[in-house]
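In my numbering, the protein residues as written are 1 to 358.
Input: a single structure, listed below in structure tokens.
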């Protein structure tokens with residue numbers, strides 16, 4: 001996917017045309033895949049067509065994001081020397097493109113993994129309905145051991161990449177064997193229990209990851225990212241983005257869990273599909289608090305960006321630290337005044353947005 005985007009980004013005109021044409025095609029593709037009214041039972045062939053169109057739209061959306069990231073990066077690099085007084089805006093645009101490109105790769109990998117897990121879960125449910133109980137147990141135990149070994153090997157590969165370990169015995173075989181033993185033990189223990197849904201497993205796994213990320217302060221994260229990508233605003237942006245995603249994920253999930261069941265049951269009783277239930281019963285209840293949480297987190301990030309600068313994250317906080325160390329208190333007072341004005345302006349702006357939208 002990235003090679004295709006690099007091929008298209010040789011010409012700015014092609015990039016701009018792609019950013020106009022491809023989203024338009026995605027819109028009409030999704031309209032075909034999700035018609036406003038479903039009349040009765042959808043035939044199997046029609047369902048296959050809708051799934052295929054949805055997959056094509058997803059791939060095209062990823063391509064659009066890659067093109068947008070490349071356009072932002074190139075525009076920021078081109079505009080920085082052209083507008084000397086506003087070079088910080090061009091640098092911000094370039095950094096935003098780099099962040100978007102990095103996030104797209106990670107999100108694409110996570111989405112692909114989730115789709116693969118979902119397909120594997122459906123295939124397992126299909127086999128469970130058709131195979132005898134003895135055969136199911138005989139197949140489940142070695143498969144669980146294999147899954148545990150593969151998961152442990154993948155985790156160890158990540159650690160090996162961080163610490164530059166190259167011994168395959170240490171990074172693959174030993175963790176794989178330990179993970180296989182743990183997987184076998186868990187499989188044998190849960191043979192007589194009910195099956196655990198894939199969605200519930202993903203829920204607890206993602207919640208554990210987000211809790212771990214949220215427990216790390218952004219000031220600590222910026223030190224790690226500064227070692228990784230160097231000092232500057234990019235490291236600070238990564239630290240704030242990581243902590244913001246973890247914090248908002250908790251708030252969003254809790255809001256979904258606390259929605260009123262009445263509208264959901266009413267929409268389901270009218271014969272709506274799952275997508276229609278989410279669109280007409282869940283989203284209207286969660287969008288207003290989502291906007292409030294996002295704006296509140298925006299205020300926090302504006303204030304936190306100053307502290308991030310003291311840890312090497314760039315921005316006005318870094319300038320304030322330099323002026324204080326150089327005993328240039330006049331410039332430091334100007335920096336503090338600018339910080340106060342920006343924070344007050346952001347607070348007023350977010351309050352106005354909440355009044356209009358929420």
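Cβ coordinates follow ideal geometry from the N, Cα and C atoms, glycine included.
Exposed or buried, which one is residue i when buried takes at least 16 other CB atoms within 10 Å?
i: residue 4; result: Its pLDDT being 46, under 50, residue 4 is placed unreliably by the model, and the measurement read from it follows with that caveat. So residue 4 counts as exposed.
i: residue 70; result: buried
i: residue 113; result: exposed
i: residue 46; result: exposed
i: residue 1; result: Residue confidence for residue 1 is low, a pLDDT of 45 falling below 50, so the modelled location carries little weight; the figure read from the coordinates is stated next. Exposed is the call here.
i: residue 175; result: buried
i: residue 357; result: exposed
i: residue 15; result: buried
i: residue 275; result: exposed
i: residue 13; result: exposed
i: residue 335; result: buried
i: residue 270; result: exposed
i: residue 281; result: buried
i: residue 262; result: exposed
i: residue 26; result: buried
i: residue 66; result: buried
i: residue 171; result: buried
i: residue 208; result: exposed
i: residue 6; result: Low confidence applies here, because residue 6 scores a pLDDT of 48, under 50, leaving its location unreliable; read the following figure in that light. Exposed is the call here.
i: residue 348; result: exposed
i: residue 205; result: exposed
i: residue 330; result: exposed
i: residue 341; result: exposed
i: residue 111; result: exposed
i: residue 337; result: exposed
i: residue 339; result: buried
i: residue 240; result: buried
Span of the alpha helix (DSSP H) holding residue i?
i: residue 22; result: 12 to 33
i: residue 76; result: 44 to 79
i: residue 322; result: 316 to 325
i: residue 307; result: 283 to 308
i: residue 266; result: 261 to 269
i: residue 347; result: 329 to 357
i: residue 218; result: 218 to 229
i: residue 233; result: 233 to 257
i: residue 273; result: No alpha helix (DSSP H) holds residue 273; DSSP gives it neither H nor E.
i: residue 184; result: 174 to 189
Confirm the yes/no value for this check: CB of residue i, any heavy atom of the ligand FMN, distance under 7 Å.
i: residue 129; result: Of the ligands one can find in the structure shown there are none, so the ligand FMN has no counterpart to examine.
With a cut-off of 8 Å on the beta carbons, I'd call residue i and residue j a contact; round off their distance for me.
i: residue 145; j: residue 184; result: 4 Å
i: residue 290; j: residue 252; result: 6 Å
i: residue 140; j: residue 187; result: 6 Å
i: residue 94; j: residue 77; result: 5 Å
i: residue 62; j: residue 108; result: 6 Å
i: residue 302; j: residue 255; result: That belief does not hold up - the Cβ atoms of residue 302 and residue 255 are roughly 23 Å apart, past 8 Å.
i: residue 22; j: residue 64; result: 5 Å
i: residue 149; j: residue 180; result: 4 Å
i: residue 90; j: residue 102; result: Their Cβ separation, rounded to whole angstroms, is 19 Å, which puts residue 90 and residue 102 out of contact at 8 Å.
i: residue 264; j: residue 277; result: 6 Å
i: residue 128; j: residue 136; result: 6 Å
i: residue 72; j: residue 96; result: 6 Å
i: residue 68; j: residue 100; result: 7 Å
i: residue 354; j: residue 258; result: Wrong, their Cβ atoms sit about 20 Å apart, outside the cutoff.
With a threshold of 8 Å between beta-carbons, can residue i be considered close to chain B, or not?
i: residue 277; result: Looking at the structure shown, chain B is missing, and only one protein chain is on hand.
With three or more C-beta pairs closer than 8 Å as the rule, is the region 242 to 255 touching the region 294 to 307? Result yes; three or more Cβ-Cβ pairs closer than 8 Å.
Quick check: the region 228 to 244 against the region 312 to 331, are there 3 or more CB pairs under 8 Å? Taking 8 Å as the limit for Cβ pairs, the verdict is that the region 312 to 331 does touch the region 228 to 244.
At least three beta-carbon pairs within less than 8 Å, the region 302 to 309 to the region 217 to 231: Because the criterion of three Cβ pairs below 8 Å is met, the region 302 to 309 and the region 217 to 231 touch.
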